[in-house]
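What follows is a set of notes on a single structure, which appears directly below.
Residue numbers (full-length UniProt numbering): 1 to 101.
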């Protein structure tokens, strides 16, 4: 189990990303628009820099939904390899069987 503080920090980042997503997208579009004058584009970049750092989607890190583990994360299932094996062994994940030969 991951530290609760780290899991909560990740949840806080997720909320910030969702809160500022529209504003960030509008500013990025304005900054990358070649038809606008250079001053306007620069101003949009400055406004983008003023947004909270944790509101950037690249700051998010994938974590297991059950344990909060940040490593060995399966995106499709949103769980870590350890929980995948445990749930699969217990028969709680349909279609997953422990291999034997």
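Glycine included, every Cβ here is placed at the ideal spot set by N, Cα and C.
Small disclaimer: the values here were computed from a predicted structure and weren't measured.
- Secondary structure note for residue 32: its alpha helix (DSSP H) is the uninterrupted segment 4 to 32.
- Cβ neighbours of residue 40 within its own chain (closer than 6 Å, five residues either side excluded): none.
- Straight-line measurement puts the Cα of residue 18 at about 22 Å from the Cα of residue 66.
- Linking residue 54 to residue 10 through their CA atoms gives a straight-line distance of about 9 Å.
- Shown here, residue 58 sits in a helix according to DSSP, grouped into three states.
- Residue 80 and residue 34 have their C-alpha atoms some 43 Å from each other.
- Under the three-state reduction of DSSP output, residue 96 falls in the coil class, being neither helix nor strand.
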